[in-house]
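In this note's numbering, the protein residues as written are 615 to 1171.
Just so it is clear, CB atoms sit at the ideal spot from N, CA and C, and this is done for glycine as well.
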């Protein structure tokens, strides 16, 4: 008996050893950068370069592509592009100081960081490095960036990007105006809400994250001016909420402009790497490990999309040239490489000695401030994200995201369908907004707790409970109750199998199925086809009496 117990103990110890989490290398961010650059053919890069040679710099995508290539070449990757890179860098330092209307705010920082890597590598001559530095060092901030008037009535994330770029120039000794940067930092920190989230106009989630990231970059590059303490206070306040905002699929929240692109997750990874290193330095190993794990989940989320060929810069499978799901400014040349630019910030911030937490995040329900009008729930391996006051050009009210860990993120719903005039390209006419929701005019939070949310429109009450079996929703009120259900029918490449009967709707996709079932409601196929960034969705309606139940689960097929 003792021998058996001893053997069991040895097996248990072995299992524990195997399960022990291991450090991860920041080289994974260079891998992401390389995948971003390889999404462009050699012909694409040469075409892009020729256009800039002829017309000058007209937007910041070229600077970002140049810096990504240069950083990779400096790390021994893509050596065949070294000569092409030198020509592109010549163009950047020649053309970028000539205009303040080409998004230099976004690209100057990348160029400076690239020059540092080029110099560190030793593969370029000192004369070449110095010539590139000289091309940027004499430019004044007022000439490089768009005019910014402190005290304005709207937040200005461009100003914060400019701050990070000027801090980069100062840090690298390539010109720069720290007083110019200080004025803008002091002005822009007033746009954080009570949760430490940045309120860009209309409060798009993307510009909370990317703007916080630019403040982090400024701090990383040595900013230590009078506003530092106030800035760090706001960034620290948003830290725990940042963890709660990540979906179980590794994505950050849906919503607003510039959302649904692959660069979103490299932004999130960079933010988490900054927090991980920050908490490590402050002695909070537990928080450092949680943020390291969140960064890793974000990278794995990117892997899901990058493994699909040909690579797209947005989370759908429509041909790139259709620009499906993209705003007019969000085309491939600009936003594919943007994923790599933010991945390099993650590389700079990352501390490889931090071991990612092995346990999943605890169940949580985060109700944002009214400015962001969102509720994000994570429990039992599921995510449910609710929109309460949608920017109708991009989103709609109700349950706009429902995901399960390990399943395709779009199988149920990754983002809602906007109004019939969305602010991004689609290929069919959109009948109007659609999410998993009752058709209410207003949505207000009655109460919330980890894994539970109660909403009302003043007449009916919508209760949602999230757990290992999915989400159970109960709608109660006077008279007949109704909820809408969107079912994915096309992602730009694949047609999921959709079926329905009197009480259920089932979507089968890539070995998984999303099942919507209502024991006391009847299902109607309206025949209407809606659009969102993910693809085409068929609208179903479920109707019942004073009380209506709807259960949703995602399981292997």
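Cα-Cα separation, residue i to residue j
i	j	result
residue 717	residue 759	7 Å
residue 899	residue 841	27 Å
residue 965	residue 959	12 Å
residue 979	residue 1067	8 Å
residue 961	residue 686	12 Å
residue 756	residue 730	24 Å
residue 1074	residue 1053	11 Å
residue 620	residue 955	Any reading at residue 620 must be qualified, since the residue scores a pLDDT of 43, below 50, and its modelled position is unreliable; no value is offered.
residue 668	residue 800	39 Å
residue 915	residue 953	13 Å
residue 1140	residue 1151	11 Å
residue 704	residue 747	11 Å
residue 837	residue 764	19 Å
residue 740	residue 733	8 Å
residue 1056	residue 646	41 Å
residue 624	residue 947	Caution is warranted here: a pLDDT of 42 is assigned to residue 624, below 50, making its placement in the model unreliable, and the coordinate value is therefore given only provisionally. Distance between the alpha carbons of residue 624 and residue 947: 55 Å.
residue 843	residue 785	20 Å
residue 680	residue 787	20 Å
residue 1013	residue 1112	20 Å
residue 790	residue 696	28 Å
residue 1138	residue 987	30 Å
residue 993	residue 1023	16 Å
residue 726	residue 1077	51 Å
residue 775	residue 1045	37 Å
residue 1161	residue 1088	7 Å
Residues near residue i in its chain [Cβ-Cβ closer than 6 Å; skip 5 each side]
i	result
residue 814	769, 771, 821
residue 674	717, 720, 721
residue 735	688
residue 1091	1073, 1074
residue 832	777, 778, 781
residue 824	881
Cβ shell of residue i (< 8 Å), same chain only, five flanking positions each side left out
i	result
residue 870	816, 817, 818, 819, 820, 821, 1005, 1008, 1009
residue 1040	938, 939, 1145
residue 971	635, 900, 903, 904, 906, 907
residue 1159	1094, 1095, 1134
residue 934	924, 926, 927, 946
Integer Cβ distance of residue i from residue j, believed to fall under 8 Å
i	j	result
residue 866	residue 940	The pair is not a contact, with the Cβ atoms about 18 Å apart (cut-off 8 Å).
residue 1144	residue 1153	6 Å
residue 711	residue 750	7 Å
residue 963	residue 888	5 Å
residue 682	residue 707	That belief does not hold up - the Cβ atoms of residue 682 and residue 707 are roughly 16 Å apart, past 8 Å.
residue 1102	residue 1149	6 Å
residue 977	residue 1064	4 Å
residue 864	residue 912	5 Å
residue 810	residue 851	3 Å
residue 845	residue 829	6 Å
residue 1098	residue 1027	The pair is not a contact, with the Cβ atoms about 11 Å apart (cut-off 8 Å).
Beta-ladder partner(s) of residue i, from DSSP
i	result
residue 774	Note: residue 774 sits in no beta bridge, so no partner.
residue 988	1001
residue 754	In DSSP, residue 754 forms no bridge with anything.
residue 1136	1157
residue 1119	1114, 1130
residue 762	Residue 762 pairs with nothing; no bridge assigned.
residue 819	According to DSSP, residue 819 bridges with nothing at all.
residue 1079	1066, 1086
residue 806	812
residue 1100	1153
Close Cβ partners of residue i (< 7 Å) along its chain, the five nearest in sequence each way excluded
i	result
residue 908	857, 860, 886
residue 1167	1083, 1084, 1129
residue 981	989, 1059, 1062
residue 618	At residue 618, the pLDDT of 46 sits below 50, so the modelled position is not reliable and the matter cannot be decided from this model.
residue 1170	1125, 1126
Proximity test, Cβ basis, 8 Å: residue i and chain D
i	result
residue 949	Given the protein chain composition of this structure (a single chain), no chain D is represented.
In the region 638-677, which residue ranges form an unbroken alpha helix (DSSP H) of at least 4 residues, counting only runs that do not cross its ends? With a minimum length of 4 residues, the continuous alpha helix (DSSP H) runs that stay inside the region 638-677 are 641-652, 656-669.
Whole beta strand (DSSP E) elements within the region 940-995, 3-residue minimum: Qualifying beta strand (DSSP E) stretches, in chain order: 978-981, 988-993.
May I have a chain-ordered list of the alpha helix (DSSP H) segments no shorter than 4 residues that lie completely inside the region 808-858? Inside the region 808-858, DSSP marks whole alpha helix (DSSP H) runs of 4 or more residues at positions 819-834, from first to last along the chain.
Any chance you could list the alpha helix (DSSP H) runs of at least 4 consecutive residues sitting entirely within the region 1012-1036, in chain order? Those alpha helix (DSSP H) runs which fall completely within the region 1012-1036 and span 4+ residues do not exist here.
Which complete alpha helix (DSSP H) runs does the region 897-932 hold, if anything under 4 residues is left out? If we require 4 residues or more, the alpha helix (DSSP H) runs fully inside the region 897-932 come out as 899-920.
Would you list, in sequence order, the uninterrupted alpha helix (DSSP H) runs of no fewer than 4 residues that lie entirely inside the region 690-738? Listed in chain order, the alpha helix (DSSP H) runs fully inside the region 690-738 are 696-709, 718-735, counting runs of at least 4 residues.
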